[in-house]
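**Student:** Protein chains in written order, with the working numbering: chain A, 685 to 799; chain B, 54 to 169. Structure provided below as structure tokens; questions to follow.
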Amino acid sequence: AQKVTQAQTEISVVEKEDVTLDCVYETRDTTYYLFWYKQPPSGELVFLIRRNSFDEQNEISGRYSWNFQKSTSSFNFTITASQVVDSAVYFCALLSWAGSYQLTFGKGTKLSVIP
Amino acid sequence: DGGITQSPKYLFRKEGQNVTLSCEQNLNHDAMYWYRQDPGQGLRLIYYSQIVNDFQKGDIAEGYSVSREKKESFPLTVTSAQKNPTAFYLCASSIISGDLNYNEQFFGPGTRLTVL
């Protein structure tokens with residue numbers, strides 16, 4: 685069965701603090717992709733990153749970084765020096781053959797960055 | 054510009070009325086999807102279609118219907134049988150490929166439906 689767990693429902697941080705959003709996944713497949721999406725108040729899903737199961741290198745993009753660890757089935761997302769514009773709901777998602785090409789989403793983490 | 058269009062952004066209907074949400078894509082994608090989003094629930098799959106004139110139920114299809122008469126269009130009808138239709142609805146599309154790398158989904162801006 686496919687499952688994505690984002691245990692943190694809501695997080696509040698003060699501007700310039702670092703924050704990590706957790707994502708734990710379950711799948712029977714050895715080949716799969718993991719995604720992070722940002723959903724600002726406007727509602728549209730904004731793609732942030734895609735990672736395949738064979739690439740465990742961590743990735744950094746500006747203030748964003750991602751830590752993929754297959755040993756713990758986790759794909760955590762860190763925002764460094766958070767800004768008010770980072771306030772949004774963040775979703776982790778899983779795509780695999782076992783899911784019949786379907787994206788399985790976590791329930792999302794609402795991040796509030798306080799000025 | 055290539056993309057996915059959903060209209061309208063906000064939709065209001067009276068209880069007991071059917072309502073159809075539109076979704077159009079000009080990306081030449083084979084597959085299209087409808088998701089429902091409720092607060093604290095994440096996105097849940099309603100229906101998806103991988104080819105014209107064919108579609109499959111997702112996790113929460115009850116009270117909804119779809120059609121796929123054209124590759125670029127995948128309208129969703131919320132029927133009066135849907136007990137709690139007020140929600141945010143997102144449409145997505147993707148290529149269908151044997152290489153999972155190409156099956157990424159692209160999302161539209163969403164329609165917020167409120168049933169009064």
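Ideal Cβ positions, reconstructed from N, Cα and C, are used throughout, including at glycine.
1. Which residue marks the beginning of the beta strand (DSSP E) containing Trp87 (chain B), and which one marks its end?
2. Which value, in whole angstroms, describes the spacing of the CA atoms of Glu77 (chain B) and Phe775 (chain A)?
3. On the DSSP letters alone, give me the boundaries of the beta strand (DSSP E) that Ala145 (chain B) sits inside.
4. What residue from B:Thr73, B:Leu98, B:Tyr63 has the CA that sits closest to Lys791 (chain A)'s CA?
5. Please name the residue, chosen from B:Gln158, B:Gly56, B:Ser102, B:Thr130, that lies closest to Ser780 (chain A) on a Cα-to-Cα basis.
6. What residue range does the beta strand (DSSP E) around Phe789 (chain A) cover?
7. Among the residues of its own chain, which have a CB less than 8 Å from the CB of Gln109 (chain B), if the five just before and after it don't count?
8. For Lys791 (chain A), would you say it is in contact with chain B, using Cβ-to-Cβ distances shorter than 7 Å as the test?
9. Using the C-alpha atoms, what's the distance from Gly69 (chain B) back to Gln122 (chain B)?
10. Taking the DSSP output, what are the residues bridged to Ile695 (chain A)?
11. So which residues on chain A does Pro162 (chain B) lean against when the C-beta distance must stay under 7 Å?
12. Using C-beta distances below 6 Å, list every residue in its chain close to Leu74 (chain B), excluding the 5 sequence neighbours before and after it, in chain order.
13. Assuming Leu787 (chain A) contacts Ala772 (chain A) (C-beta within less than 8 Å), just tell me the rounded distance between them.
14. Secondary structure at Thr764 (chain A), three-state DSSP: helix, strand or coil?
15. For a contact meaning CB atoms closer than 8 Å, what does Arg712 (chain A) contact in chain B?
16. Name the DSSP beta bridge partners of Phe50 (chain B), please?
17. In angstroms, rounded to a whole number, what distance separates the CA positions of Ser726 (chain A) and Gly161 (chain B)?
18. Are the CB atoms of Asn760 (chain A) and Thr704 (chain A) within a distance shorter than 7 Å?
19. Taking Val688 (chain A) as part of the beta strand (DSSP E), name the residues at either end of that continuous run.
**Tutor:** From the atom records:
1. Counting along the chain, the beta strand (DSSP E) containing Trp87 (chain B) begins and ends at 84-91.
2. A straight-line Cα-Cα distance of about 24 Å links Glu77 (chain B) and Phe775 (chain A).
3. Counting along the chain, the beta strand (DSSP E) containing Ala145 (chain B) begins and ends at 140-147.
4. Looking at the Cα atoms, B:Leu98 is the closest of the given residues.
5. Comparing Cα-Cα distances from Ser780 (chain A) to each of B:Gln158, B:Gly56, B:Ser102, B:Thr130, the minimum goes to B:Gln158.
6. It spans 787-789 - the beta strand (DSSP E) in which Phe789 (chain A) sits, taken as one unbroken run.
7. Here Gln109 (chain B) has Tyr100, Tyr101, Ser102, Gln103 as same chain residues with Cβ atoms under 8 Å from its own Cβ, once five neighbours each way along the sequence are excluded.
8. Yes, contact with chain B.
9. The sequence given here places Glu at residue 122 (chain B); Gln does not occur at that position. Near 26 Å, if we compare the C-alpha coordinates of Gly69 (chain B) and Glu122 (chain B).
10. Ile695 (chain A) is bridged by DSSP to A:Leu795.
11. Gly727, Glu728, listed in chain order.
12. Correct list, in chain order: Leu129, Tyr142, Thr164.
13. That pair is no contact at about 18 Å.
14. Three-state result, Thr764 (chain A): coil.
15. Result: empty, since nearest Cβ-Cβ is about 14 Å, beyond 8 Å.
16. This structure gives no information on residue 50 (chain B), because the portion of chain B shown stretches from 54 to 169.
17. In a straight line, the C-alpha of Ser726 (chain A) is about 12 Å away from that of Gly161 (chain B).
18. Taking the C-beta atoms as reference points, Asn760 (chain A) is found nearer than 7 Å to Thr704 (chain A).
19. Its beta strand (DSSP E) spans residues 687-689.
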